[in-house]
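Shown next, in C-alpha cells, is the structure this report addresses.
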Amino acid sequence: MNIFERLESNVRSYCRKFPTVFSSAKGSQIIDTQGRSYIDFLSGGGALNYGHNDPAMQQAVMNYIAGDGLIQGLDLHTGAKADFLTTFEALILQPRKLDYKVQFTGPTGSNGVEAALKLARLVKKRSNVIAFSNSYHGHTLGSLAVTGNSYFRNQAFVDRHNVSFLPFDGYLGPAVNTLDYLEKVIADPGSGVDLPAAVIVETTQAEGGVNVAATKWLRGLGDVCREFGVLLIVDEIQTGVGRTGPFFSFEDAGLYPDIVVLSKSLSGMGLPMTLVLMKPELDQWKPGEHNGTFRGNNLAFVAATEALHRYWQDSSLSQAVGLNGQYLAKRLRELAARHAAHILSVRGKGMLHGVQFGQRGNAQEILRLCFEKGLLLECCGPNGEVVKLSPPLTIERDLLEQGLALLEEAAAELFVR
Ligand SMILES: Cc1ncc(COP(=O)(O)O)c(C=O)c1O
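Residue numbers (our numbering): -12 to 404.
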C-alpha cells in the first residue's frame, strides 16, 4: 500500500480518479513522476483559469520572497495588499462601475460564503436564506446548509434550518419559469417560506451539473430581490475571473448584486485567497467581528495583482474565452450527435461545459478512459452523470483540440464496443 492509501484519510477524492503521482505542471499540462503528460481540463477545480505556473506570476512571487516580503499578514496593511486593492479597483471595479467594499476572508471559497451569509443575516436581521436546487457553495456548515446535493449534506448531522431550497432556472423543464414560484412564495405570507435575508445563487451551477441560468432569469431574480428588500448574493467562486467570458459572470445580465464571493482563480496561480464584495452600505461589520488568521496571504496578493495586469487591462481574454467556448460547444454538440443514444445533453457557457450521460456510470467510465489517454476531467451533477470540462482560459487551440480528440476517442471506445 502506498503512503497515500496507508496514511491519508478515506475522504480523499480526486486522487482516486487519477491514480498516479504528479510532479510538475506548466500551462495546460501536468506531468507525473513517470514523465507522462496530461492535458488539464480540470484546472484545479476552477482555480487555474490562467493555467499552471504562469511565468510572470511565478517571477513576481519569487521576487517578493527573495526580497523578504511579509508572507503571513493577518489583516495588516502591506504594500502587496495595497497594490492588489489599487489594481482591483482600477482594472475590475471602476471600469464596470461597481461600487463595492472589499472584505478579505479566510482563504477558501467556503470561508467567503460563510461571511456573505452571516453579513446578509446581520444586515437584514432575518435568518432565512433562499438557495437553489443543485446549488454548491462548499463544505463548511453554513455553506453546506445552502448546498443542494444530499450526498454532501447528509454527513453533517447538524441543524440545517433557515434555508429554503427553491427550483433553479430550468429545474422544472423549459416550459416553467421557476421565478414565478419564487416570487409567489416570497410575496405570500402563507407560503411557509419566511421572508429571506438573502438569495444565494450561482449564475451557472458548476458542481450541480453545469446548469446555466438564462440571462433573463437572472435579471428577473435581481428584480424580485430588489422588490422585496432581499439581498442578492452571487457566488462567483467558480464562474468568476473570466470562466464564462466576462470577469464577473453576472455582467451579461447587467446585475449589480448586493454581495459577491470571489475565490479560486483570483490569485492567478492557485494560491488560496477569497474576497467578499459588498455594497458600501452593507459593510456593517464591527472591527474583528468576522476574523481569521489566514486572511492575508500576501503571496496570493502579489500573484493576483500580476494576473490582473496581465489579463484584465483589456477584453482580449474575454474574447478568447468567447471564441474557444464556441468551438468547445460545437465539438461537444457533434460528439452528442454521434452518440445520441448515450448523451442526453450538452450545456455550458464560455469555457465551462458539461456533457450529460444517460446511463449511470458512463461519465465515470469516460473519465477513466480519458485519464488513460492523457486527459484530466471531472464529473459533476446530482448523480455524477455529467462530465465537466473547464480547461484553462489561456489554453492553446491545438491543445484544446487534442484534449477534445481524446474525449471523442474515449466515447467511441465506450459506446462502439
Ligand atoms: C460555486 C462554488 N462555491 C463554493 C465553493 C467552495 O469553495 P472551496 O472548496 O474553496 O471551499 C466551490 C468549490 O468548488 C464552488 O464551485
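Heads up, the beta-carbon is just placed ideally off N, CA and C, and yes, glycines get one too. This structure is a prediction, so every number in the text was calculated from the model and none was measured.
- Distances from the CA of P42 to each of T7, A12, G283 and L166 were compared; the closest alpha carbon is that of A12.
- In this structure the stretch 302 to 311 lies against the stretch 223 to 232, because at least three pairs of beta carbons, one per stretch, are closer than 8 Å.
- The DSSP assignment places 202 to 215 as complete runs of the alpha helix (DSSP H) inside the stretch 167 to 215, in order along the chain (cut-off: 4 residues).
- For the options A397, A392, V289 and F344, the alpha carbon positioned closest to that of L315 is the one of A392.
- The beta carbon of A240 is closer than 6 Å to those of T202, L205 and R206 in its chain, skipping five residues each way along the sequence.
- Within 7 Å of the C-beta of I224 there is at least one heavy atom belonging to ligand 1.
- Judged by the Cβ position, H296 fails to qualify as a neighbour of ligand 1 at the 7 Å threshold, every heavy atom of the ligand being at least this far.
- Taking 8 Å as the cut-off, the Cβ atoms of D181 and N115 count as close.
- Excluding the 5 residues flanking it on each side, H277 has same chain C-beta neighbours closer than 8 Å at Q90, T92, A102, K105 and L106, in chain order.
- Secondary structure note for R(-7): its alpha helix (DSSP H) is the uninterrupted segment I(-10) to L(-6).
- About 6 Å separates the CB atoms of A290 and L258; that is less than 8 Å, so the two are in contact.
- Per DSSP, the unbroken beta strand (DSSP E) holding R334 starts and ends at I330 to K336.
- Secondary structure note for V48: its alpha helix (DSSP H) is the uninterrupted segment P42 to A53.
- Non-local C-beta neighbours of L61 in its own chain, meaning closer than 6 Å and more than five positions away in sequence, comprise G283, ordered along the chain.
- In the displayed model, L106 falls within a helix according to three-state DSSP.
- In terms of Cβ geometry, G279 and N98 form a close pair [threshold 8 Å].
- Inclusion of G96 and I224 in the CB contact set at 8 Å is warranted, their separation being smaller than that value.
- It is roughly 38 Å from the alpha-carbon of N349 to the alpha-carbon of V172.
- Of the residues G390, G341, E388 and C357, the one whose Cα lies closest to the Cα of G368 is G341.
- For secondary structure counted as the beta strand (DSSP E) over 3 or more consecutive residues, the stretch 17 to 41 holds these complete runs in sequence order: 24 to 27.
- Beta-bridge pairing by DSSP links N284 to Q59.
- Between the alpha carbons of Y158 and Y123 lies a gap of roughly 15 Å.
- If you check the C-beta of T95 against ligand 1, you find a heavy atom less than 7 Å away.
- Judged by DSSP in its simplified three-state form, A162 adopts coil rather than helix or strand.
- Collapsing the DSSP output to three states places A399 in a helix.
- Between ligand 1 and H124, a heavy atom-to-CB distance of less than 7 Å is present.
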